[in-house]
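Protein chains: 2
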Amino acid sequence: MKWQRLKRERCSIARSLSVIGDRWTLLVLRECFLGVRRFEEFEAGLGISRTMLARRLQHLVKHGVLRRAVYSTRPRRAEYRLTEKGRALYPVLLSLLRFGDQELAGAEGPPLVLTHRPCGHAFHAEARCSACGEEVRPHDVSVAAGAP
Amino acid sequence: MKWQRLKRERCSIARSLSVIGDRWTLLVLRECFLGVRRFEEFEAGLGISRTMLARRLQHLVKHGVLRRAVYSTRPRRAEYRLTEKGRALYPVLLSLLRFGDQELAGAEGPPLVLTHRPCGHAFHAEARCSACGEEVRPHDVSVAAGAP
DNA sequence: GTACATAGTCCAAAAAATAAACGCACAGAC
DNA sequence: GTCTGTGCGTTTATTTTTTGGACTATGTAC
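Going down the list, the sequences are from chains A and B. Letter by letter, the first sequence follows residues 18 to 165 in this note's numbering. Letter by letter, the second sequence follows residues 18 to 165 in this note's numbering.
As structure tokens, this is what we get:
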């Protein structure tokens with residue numbers, strides 16, 4: 018299979034994975050949401066090879082998830098920042114975090130605690146229905162074809 | 018880097034990715050949530066190599082996301098079903114679907130429409146705060162270390 | 001001139017993924 | 001009993017990806 022065929026598949030999950038579905042990208046984005054912007058910071062935080070990091074960053078820029086922002090012209094230096102499109106991936110990261118906290122954290126408990134500043138409480142993310150606000154479970158969902 | 022080191026990292030996102038973070042697993046799980054259970058069905062639906070499929074299914078069983086259920090002893094036949102732990106990944110799939118619908122669907126619009134049967138409406142999944150029920154955005158969240 | 005910093009690229013070697021063939025256990029037809 | 005088909009994989013040789021370390025480019029500090 019050619020990995021690039023995912024892009025052309027008529028499935029939004031497959032298309033999303035064509036952007037963020039390799040072994041490194043979601044870790045790169047985790048760093049982004051934690052405030053990391055610079056090449057060497059990513060490298061140090063991830064233990065990724067420089068080659069792969071450069072390639073992943075280029076890929077994310079190409080897909081509009083990050084943008085390359087020059088913050089110094091002499092010497093020339095650039096950093097990587099999330100775009101709006103990139104921030105739209107936040108729910109993906111939150112749901113992965115939740116899964117890890119719930120199912121994979123040992124007896125020690127979750128390594129990170131998130132606080133929702135508007136309400137002031139520690140929280141986890143829940144997948145809820147945009148129409149009624151209830152939490153969504155697999156059995157409650159029916160699937161139909163969309164536009165032709 | 019050894020991919021297996023993710024498992025031991027004290028980050029729930031990294032740990033989650035050690036379970037579902039390769040190129041194929043989330044597509045395998047998409048099929049699961051659409052009702053697929055048998056080896057040959059997965060193979061046909063994904064265009065994955067048999068080698069990889071066998072390895073992915075074993076990996077998911079080992080991590081308790083799927084369980085191997087024998088449905089015929091003579092001849093010996095097995096199928097793969099989601100466990101509770103596996104169903105806990107539903108929000109991950111829903112958020113990937115949402116990202117694809119929102120950011121990657123062309124002019125044609127979303128290929129699939131989900132209906133939330135309890136309320137009867139077409140919907141998309143939103144990441145909401147478990148404490149107050151509001152939608153969570155990156156800027157509203159502060160992060161602190163959890164247990165030592 | 002020497003050392004250091006940031007942001008990469010290049011390339012040979014190691015690791016992983018693939019496709020196609022093979023294995024095996026059984027069923028049913030003949 | 002032997003032939004053919006099916007479901008679920010494993011083995012093997014080949015192709016692709018990833019890695020790690022050196023190297024480039026541009027500039028500052030001493």
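Virtual Cβ for every residue (Gly too), placed ideally from N, Cα, C.
Compare the C-beta of residue i against all C-beta atoms of chain B and say whether one is closer than 8 Å.
| i | result |
| --- | --- |
| residue 62/A | no |
| residue 119/A | yes |
| residue 34/A | yes |
| residue 111/A | yes |
| residue 68/A | no |
| residue 158/A | yes |
| residue 125/A | yes |
| residue 59/A | no |
| residue 93/A | no |
Ends of the alpha helix (DSSP H) at residue i?
| i | result |
| --- | --- |
| residue 36/B | 29-37 |
Under three-state DSSP, which class holds residue i?
| i | result |
| --- | --- |
| residue 106/B | coil |
| residue 143/A | strand |
| residue 66/B | coil |
| residue 51/B | coil |
| residue 22/A | helix |
| residue 80/B | coil |
| residue 115/B | helix |
| residue 151/B | coil |
| residue 85/B | strand |
Are the Cβ atoms of residue i and residue j separated by less than 8 Å?
| i | j | result |
| --- | --- | --- |
| residue 97/A | residue 54/A | yes |
| residue 111/A | residue 105/B | no |
| residue 15/B | residue 133/A | Residue 15/B falls outside the range modelled here, since chain B spans only 18 to 165, and no answer is possible. |
| residue 29/B | residue 114/A | yes |
| residue 73/A | residue 42/A | yes |
| residue 140/A | residue 159/B | no |
| residue 82/A | residue 36/A | yes |
| residue 109/B | residue 109/A | yes |
| residue 56/B | residue 70/B | yes |
| residue 162/B | residue 129/A | yes |
| residue 149/B | residue 138/A | yes |
| residue 60/B | residue 67/B | yes |
Are the C-beta atoms of residue i and some chain A residue less than 8 Å apart?
| i | result |
| --- | --- |
| residue 79/B | no |
| residue 135/B | yes |
| residue 76/B | no |
| residue 164/B | yes |
| residue 153/B | yes |
| residue 56/B | no |
| residue 83/B | no |
| residue 89/B | no |
| residue 100/B | no |
| residue 128/B | yes |
| residue 107/B | yes |
| residue 27/B | yes |
| residue 96/B | no |
| residue 48/B | no |
| residue 86/B | no |
| residue 73/B | no |
| residue 115/B | yes |
May I ask which residues mark the beginning and end of the beta strand (DSSP E) holding residue i?
| i | result |
| --- | --- |
| residue 95/A | 93-99 |
| residue 130/A | 129-133 |
| residue 162/A | 158-162 |
If you compare alpha carbons, which of the options is closest to residue i?
| i | options | result |
| --- | --- | --- |
| residue 48/A | 63/A, 39/A and 35/A | 63/A |
| residue 34/A | 145/B, 138/B and 46/B | 46/B |
| residue 124/A | 164/B, 71/B and 70/B | 164/B |
| residue 103/A | 95/A, 76/A, 87/A and 118/A | 76/A |
| residue 100/B | 135/A, 95/A, 155/A and 52/A | 155/A |
| residue 22/A | 65/B, 94/B, 25/B and 59/B | 65/B |
| residue 116/B | 32/A, 27/A, 52/A and 26/A | 32/A |
| residue 80/A | 151/A, 20/A and 24/A | 24/A |
Looking at the ligand NAD, does it come within less than 7 Å of residue i, judged from the CB to the closest heavy atom?
| i | result |
| --- | --- |
| residue 95/A | Ligands in the displayed structure: none, and consequently the ligand NAD is not present. |
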